[in-house]
Amino acid sequence: MMLLCCSIYAEQINFQVQLNDKDIGFHEFNVQNDTISNKAQFDVKLWFIPAYKYRHTATEVYKDNCLIQLESETQDGADFFELSSLADSAFFKIKVNDKDYNHPACSQTFRYWDIQFTEQNLAINPQDGEIFKLTFIKDEDEEVKTKTNTFLANKYTLRAINDQDEKFHIELWYEQKSKKWIKLKSYLKDDNVITYILND
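The numbering of the sequence shown is the UniProt record's numbering, which starts it at 1 and goes up by one.
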């Protein structure tokens, strides 16, 4: 859903999330002008026994394309993260549990919902506050099936580096005409793959 009125921009982007083609939960994004909130919930079971639990909520606020506020709470298996931030003229400061980070004053997160993300060089992980160097490759356009439609999409491959180690290998698809984000694939360890399928 997208609403445009009186200089107000609002968009809901909701994904069904799969691990190796099996449903494990959802990730929802609410974009209101320069404020973005999102909520994710994943549950992985092995033979009906809970094996992994993920919960994440975050709010991001931007001004002139720079973060001025980032707040999040995350449960990643047995690990818990609580992130808060403070922006000043010199740094974008983040506190996560007992760690403090000073990032560039004009910083962004992994803004998948905005195709301009594919032009970023750096991104903050809103879960743990660490910053990553990004490289994007523009791939050939592909047809993408969402929950109810099929679109021709621009495809990009993202690799995110931290401490000279590749941490994320992600593929992103944006609908060719609207440039709306419609799919994501994240390649994990042990040949596991997380896929985001758009609920449209």
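Using N, Cα and C, we set each Cβ at its ideal position, and we do this for glycine too.
Output the boundary residues of the beta strand (DSSP E) element that contains residue i.
i             : result
cysteine 106  : Cysteine 106 -> no beta strand (DSSP E), and no H or E assigned at all.
alanine 87    : 79-87
threonine 59  : 49-63
glutamate 73  : 66-76
glutamate 142 : 142-145
Please check the pair residue i and residue j, which I expect to be a contact at CB under 8 Å, by giving their CB distance rounded to whole angstroms.
i                : j                : result
residue 201      : phenylalanine 48 : The structure shown does not extend to residue 201, since the chain is modelled only from 1 to 200, so the question has no answer here.
lysine 138       : tyrosine 112     : Contact flag wrong, Cβ pair sits at about 16 Å.
phenylalanine 92 : leucine 67       : 6 Å
Give the DSSP-derived three-state secondary structure of residue i in the structure shown.
i              : result
tryptophan 113 : coil
threonine 118  : helix
lysine 177     : coil
aspartate 191  : helix
threonine 150  : strand
alanine 10     : strand
asparagine 162 : strand
residue 201    : Because the chain in this structure spans residues 1 to 200, residue 201 falls outside the shown range and cannot be described.
aspartate 200  : coil
Suppose the cutoff is 6 Å on Cβ atoms and the five residues either side in sequence are ignored; what does the same chain contact list for residue i look like?
i              : result
serine 186     : Ile170 and Ile194
isoleucine 115 : Tyr174 and Lys179
Can you find the residues in the same chain that come closer than 8 Å, C-beta to C-beta, to residue i, ignoring five residues on each side of it along the sequence?
i           : result
alanine 153 : Asp141, Glu142, Glu143, Val144, Trp173, Tyr174, Glu175, Gln176, Ile182 and Lys183
tyrosine 52 : Phe42, Asp43, Val44 and Gly77
lysine 147  : Gln16, Ile197, Leu198, Asn199 and Asp200
cysteine 5  : At cysteine 5, the pLDDT of 40 sits below 50, so the modelled position is not reliable and the matter cannot be decided from this model.
What are the residues that DSSP puts in a beta bridge with residue i?
i             : result
asparagine 30 : Gln12 and Ser37
glutamate 171 : Thr157 and Lys185
aspartate 23  : Gln18
Quick one: residues in its chain with C-beta nearer than 7 Å to the C-beta of residue i, no 5 flanking neighbours on either side, listed in chain order?
i              : result
asparagine 192 : Leu19 and Asn20
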